[in-house]
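Chemist: Provided herewith is a single structure, encoded as structure tokens, for subsequent inquiry.
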Amino acid sequence: MAPHKTTPDGDGDDTMQDIDDMQVDSVVTDEKIAVKNEDEEELEHMFDDDLDMVDGSSAYKNSGGKTNAAAISDILSASPSDPEVMLQFYSRLFPWRQLFRWLNHSELPSTDFANREFAFTLHNEAYLRYQCYPTFETLRRDVLKLNPSRFEIGPVYSARPRDRKQLPKGSFKPLEKELVFDIDLTDYDEIRTCCSKTKICIKCWQFVTMAIKVVDVALRDDFGFEHILWVYSGRRGAHAWVCDKKARKLDDAKRRAIAAYFEVVKGGSQSGKKVNLDRPLHPHIRRSHDILRDDFKRNILEDQDPFRTEKQSERLLQLLPDRQLNDALREKWDSTIERSSSDKWKDIDSLAESGASKTVIPKVLLEHKQDIILEYTYPRLDAEVSKHLNHLLKSPFVVHPGTGKVCVPIDVSKVDEFDPDDVPTVVQLLKEIDQWKNPVKKEEDGDNTTSRVSDIEKTSLKPYHDLFSRFVQRLLNAEKPLQIKVEDTKY
Amino acid sequence: MLGREAIRKQRRDRRKENLGNKASTTEKDTGLPYPHRLNFYDTPPKDEVSLEEFEQWAIDRLRVLGEIETCLFRNNTTPEIDATLRKLLDKYLPLNSNLSIPDSERSPRRFAGLTSERKKDHYSHFILRLAFARTEDLRTRFTRTETILFRHRFTTDDTTERAEFMNSLELNSETVGSDEKAELAEELKAVLISGSKMPAEKARQLFEQEQYLKVEWERVSNLVESRKVFLRKGNAYVPNSMLLSLVMAEFTKRLDDSLIKTARALPRLDEDDRLIPILNHLSKGFTAPEYNSSASPGALGGDAITAAQIDGLSANFPLCMKNLHTAVRRDKHLRHFGRLQYGLFLKGIGLTIDEALLFWRQAFSKFTDDQFNKEYRYNIRHTYGLQGAGRNYKPFSCQQILMDHPPGTGESHGCPYRHFSVENLTLAMSALMGVEDRSVVSGVKQDVAAKKYHLACNRVFEHLHEKELKREKDAGGGGGGGGGGGGRETIIHPNEYFDRSWSLKNPGKKGENTNGGATQIKDEDVTMS
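In order, the protein sequence lines correspond to chains F and U.
End of the first sequence sits at 490 in numbering that gives the first Met the number 0; the numbers just go up one at a time, nothing left out.
End of the second sequence sits at 528 in numbering that gives the first Met the number 0; the numbers just go up one at a time, nothing left out.
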């Protein structure tokens, strides 16, 4: 009995519903599969460096023969989810080839890619599951044809997902998928004061930053994983893709174990104190606490100021262990107007040391303060996403339909510098292409030089693309350490 | 003997299937077929058994497993389960230690008694494998109960015998040297004594005595799950005192793997009609304690339940559902598992899909029609099996609600007795159920502290239906208890709570489903004839 497997929460806007194949399945006909099979010829293109940066003019023929410049200025004012905008983005900016290398784990097409499920959300909200492609070119072609508003990546199956109905029962099953994590600010709504719902600012983004730091170090030092890709989810969260071979092969029970290992903040809206840990702390929690302690002062006490009002500070008192101390604190806070959260936090220790309570035990107080720090800073992961091998997750580099922002990778070594406000929107990127071209034309440098510059390089997507390429290259090196590497001029 | 041919045939087939397996490792130089009391069940049986033995042995083992499962539903603690098992095993599946025979007298002849006990244990395990390999649900439950049986025997085994047995398993692990142990002392010690509140000196001694094994973390994922081991670069540091976990995990893993292999081989089992009926019958005797209230309209006294009635009917809901109902009215929304738990419950009490869509549409009043249709309609239809895989999902039992998906932040599902803090539980009992009676509240608190969540819920039920239960008792049993035996058994399903509550409060309006216990919670004794 596992209904959760087929219907995760429809509330999170980033995680994808792992629902069964829907009525729209028939959109993709079997004829199309037949066409796909002729794509063996694509093999030879595999080593063309710029295939994922196909020159816009040729790709654009698909959509009606307008010229480039006209098309771009037409759509600059359009909304990010405009189908026309998306088509431009897919044909000119999406890093198809790197996506292929990332999922294929080798330069030569293999079942790692061919048996991988893709799922498209079309502009009419129809949801197409179990799509699969032998190479990135066929994937790209289909995306340009269907023009989905976004797409998800699922597991590698034991056979081609499209063929699942022809196979004997039980022989079609998911084999591998990256271990994934989903951090979403909705899970922080009760403790963030700056924004709510879908809104986000740099202050509450710090919750995500803190989560990334804690999860990343644990995945590396505790579990020994190395290839961890962090991706901005386009609005108010981030995803992690753990791509190590060992991680991809984990079954559901092991994924569940990892998810539980990370779970510290427990309980629903009625649970009271949400962090209750045994002492001494497990080394993972200890390390997390040490990482988060300073962030708590800055990001929580100063920026979120979560204990300022009387009602809010009552919540803080609920989490503290000693009644006499609480009475003393309450008295102090009632008599002074507007003490900030930082002040109140300091008051706890200063009053405890001044002997305001005869019953307070310093060790217990310290432990409760640690618990509070963790309750306000420790990662709140959407565990369901991590627990299941067959959970689909939005692909990196797709565009978030609500914000128009590209789901770019996050450089974990500079995670403190990441600001979702800096992430380019698709409209902005197309504008950048447009504006880049003009000065070159004026110099009359001849067409050759212009056409050699790929579209990505004209935009602020370039650094993210390079980050992804480097990640993929490291992954490929690790997968086949003895293989002679294909010369890749892009780096 | 009538069954001989069949058995022989089956053995032949099994033997063929197992040809690829390596030769038995259990048969050591002792010349005994079963040198150890414990068995990892790596090697399938090869000898013939009579059809009577085949059936009787399986039934005996099934009794034991059934009782284990009942203990699990009652949330019994390990010592409680051990106590139950001790008696039961003596009767149905005795397994005596080698020590019961003095060293000097050891010979295959003297071991005959032990051997036949062990043979029965061995064979009955494999017979039940055949019966329970067929569905995922049965496999999961078989593995879970078998693992507990194994744990019981492992922990009661003699230390030297256990060590011999461990050696025969050949687990891949590496001993942690004293240098490494010293280097990681702080971390290892923290994990070792975590939560034990022992004084520093005792902790130091304990740590000094402890030896560590280093294994890949995947092999002890259950210890990782509960953060009971220290992890470094993919390795788990397992103290000797936790070897049990390691062995159990290995036992579960091997059993899981072989059950899947058995399941795959089953259709190819060239079997005549003798064993299959027995096997089918056996697996039925192990049915889940699910509560089959009729999910058809007109469940209550012949009237179809409508969306509009739910507010009224919620007076008969258990706390978990009352809480969800209150939450959906208050927030105009429920998150996924809340919708699932509550939606399936409503389906169970007889809400049709049309009424369900109406109910949820009205309840989620802060959403537009468009949003509702896009986000939730599919989901609701899915729970009725009308979308997607077309599975007809059953309402969650208490067991599932307690174990499967503990509520996260902002979620209202789960079991309040388990997932609420004591303060909030007291508040909720008073606000939602009107329970303020001191003795009941303190009883509930005790139950909750002892992790007897069912008892807490039943206590509240009995309190709220005190008058009716008394009346029913005075009238001479019958009533809500139906044929299920007295109406005093523990409620282990929210829908059962509702049905019993409704029929107690509305005597004389008995509809199809209101014969409560008769819809069978669990056949406690495996009835085989």
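Built from N, CA and C at the ideal position, the CB exists for glycine as well.
Note that this is a predicted model, so its numbers are computed, not measured.
Helix, strand or coil for F:I515? Go by DSSP, reduced to three states.
Modeler: Because chain F here runs from 0 to 490, residue 515 of chain F falls outside it and cannot be looked at.
Chemist: Quick one: measure Cβ to Cβ for U:L183 and U:S282, integer angstroms, because I've assumed they're closer than 8 Å.
Modeler: That belief does not hold up - the Cβ atoms of U:L183 and U:S282 are roughly 48 Å apart, past 8 Å.
Chemist: So which residues on chain F does U:E530 lean against when the C-beta distance must stay under 7 Å?
Modeler: One cannot answer for residue 530 of chain U here, as it falls past the ends of chain U, which runs 0 to 528.
Chemist: Alpha carbons only, please: which of U:H335, U:F336, U:N315, U:R334 is nearest the one belonging to U:E461?
Modeler: The candidate whose alpha carbon is nearest that of U:E461 is U:N315.
Chemist: So what's F:R149 in DSSP terms, helix, strand or just coil?
Modeler: Note: F:R149 maps to strand in three-state DSSP.
Chemist: Kindly indicate which residue of U:N221, U:V219, U:L242 has the alpha-carbon position closest to the one of U:E209.
Modeler: U:E209 has its Cα closest to that of U:L242, out of U:N221, U:V219, U:L242.
Chemist: Please determine, among F:R128, F:V214, F:L138, F:I347, the residue with the shortest C-alpha to C-alpha distance to F:E366.
Modeler: Selected option, being the one with the closest Cα: F:I347.
Chemist: Answer yes or no: does any C-beta atom of chain U fall closer than 8 Å to that of F:D141?
Modeler: Chain U contact via Cβ: absent.
Chemist: Does F:F222 have its Cβ less than 8 Å from a Cβ in chain U?
Modeler: Closer than 8 Å to some Cβ of chain U, the Cβ of F:F222 qualifies, so yes.
Chemist: So, U:E53 versus U:I277, is the Cβ gap smaller than 8 Å?
Modeler: Residue identity differs from the one stated: residue 53 of chain U is Phe in this sequence, not Glu. Result yes, Cβ atoms of U:F53 and U:I277 sit closer than 8 Å.
Chemist: What is the DSSP secondary structure of F:T402, counted as helix, strand or coil?
Modeler: Coil, per DSSP.
Chemist: Grab the span of the alpha helix (DSSP H) containing F:P160 for me, first residue to last.
Modeler: Per DSSP, F:P160 belongs to no alpha helix (DSSP H) and is neither H nor E.
Chemist: For F:L138, which option in F:R115, F:H122, F:L380 has the closest C-alpha, if you only look at C-alpha atoms?
Modeler: Cα-wise, what sits closest to F:L138 is F:R115.
Chemist: Kindly say whether F:G153, judged by its beta-carbon, lies nearer than 8 Å to any beta-carbon of chain U.
Modeler: Chain U, which has no Cβ nearer than 8 Å to the Cβ of F:G153, makes this no.
Chemist: So the alpha helix (DSSP H) U:E215 belongs to, where does it begin and stop?
Modeler: Careful: U:E215 lies outside any alpha helix (DSSP H), inside the beta strand (DSSP E) at 211-215.
Chemist: F:I371 to U:P405, Cα distance in whole Å?
Modeler: Each residue's Cα considered, the two are about 21 Å apart.
Chemist: For F:K144, decide whether its Cβ has a neighbour in chain U, counting only Cβ atoms nearer than 8 Å.
Modeler: Closer than 8 Å: no.
Chemist: Do we get a CB-CB distance below 8 Å when we pair F:Q472 with the residues of chain U?
Modeler: By this cut-off, F:Q472 is not an interface position.
Chemist: Within 8 Å, do at least three Cβ pairs link the segment 354-369 of chain U to the segment 305-325 of chain U?
Modeler: The segment 305-325 of chain U is in contact with the segment 354-369 of chain U.
Chemist: Within this structure, are the beta carbons of U:N239 and U:E215 separated by less than 8 Å?
Modeler: The answer is no: Cβ separation not under 8 Å.
Chemist: Just to confirm, are U:K321 and U:F363 a CB contact at a threshold of 8 Å?
Modeler: No, the Cβ-Cβ distance between U:K321 and U:F363 is not below 8 Å.
Chemist: Considering only the alpha carbon of each residue, which of U:S177, U:L323, U:Y377, U:R128 lies closest to U:R263?
Modeler: When each option's Cα is compared against that of U:R263, the closest is U:R128.
Chemist: Contact between the segment 215-234 of chain F and the segment 388-404 of chain F is defined here as three or more beta-carbon pairs at a separation below 8 Å; is this criterion met?
Modeler: In short, these stretches touch, since the Cβ pair count reaches three.
Chemist: Would you check if the distance between the CB atom of F:K204 and the CB atom of F:P378 is smaller than 8 Å?
Modeler: Residue identity differs from the one stated: residue 204 of chain F is Trp in this sequence, not Lys. No, the pair does not count as a contact, with Cβ atoms beyond the cut-off.
Chemist: So for F:E175, helix, strand or coil by DSSP?
Modeler: Three-state DSSP puts F:E175 in a strand.
Chemist: Applying the 10 Å Cβ sphere with the 16-neighbour rule, what's the burial state of U:S441?
Modeler: Exposed.
Chemist: Can you tell me which of F:H104, F:V142, F:T110, F:L392 puts its alpha carbon nearest to the alpha carbon of F:H122?
Modeler: If we check each option's Cα against that of F:H122, F:V142 comes out closest.
Chemist: Looking at the secondary structure, which residues open and close the alpha helix (DSSP H) in which U:T400 lies?
Modeler: Sequence inspection shows Ile at residue 400 of chain U; the Thr mentioned does not correspond to that position. First-last of the alpha helix (DSSP H) with U:I400: 397-402.
Chemist: Taking 8 Å as the threshold, find out whether the segment 250-263 of chain F comes into contact with the segment 298-309 of chain F through three or more Cβ pairs.
Modeler: Too few Cβ pairs lie closer than 8 Å, so no.
Chemist: Could you list which residues in chain U have their beta carbon closer than 9 Å to that of F:H238, in chain order?
Modeler: Chain U residues near F:H238: none, gap ~18 Å exceeds 9 Å.
Chemist: Where are the alpha helix (DSSP H) runs, 4 residues long or more, that stay fully inside the segment 433-460 of chain U, in chain order?
Modeler: With a minimum length of 4 residues, the continuous alpha helix (DSSP H) runs that stay inside the segment 433-460 of chain U are 437-448.
Chemist: Can you tell me which of the three DSSP states F:K164 falls into?
Modeler: Here F:K164 sits in helix by DSSP.
Chemist: May I ask you to verify whether the segment 88-101 of chain U touches the segment 33-41 of chain U, counting CB pairs closer than 8 Å and requiring at least 3?
Modeler: Verdict: yes, contact present.
Chemist: Using a Cβ-Cβ distance under 8 Å, would F:K168 count as near chain U?
Modeler: So, not an interface residue.
Chemist: Which of helix, strand or coil does DSSP assign to U:Y383?
Modeler: Coil, per DSSP.
Chemist: For my contact list, U:R334 and U:G409 are in at a C-beta cut-off of 8 Å; report their separation, rounded to the angstrom.
Modeler: That pair is a contact at about 6 Å.
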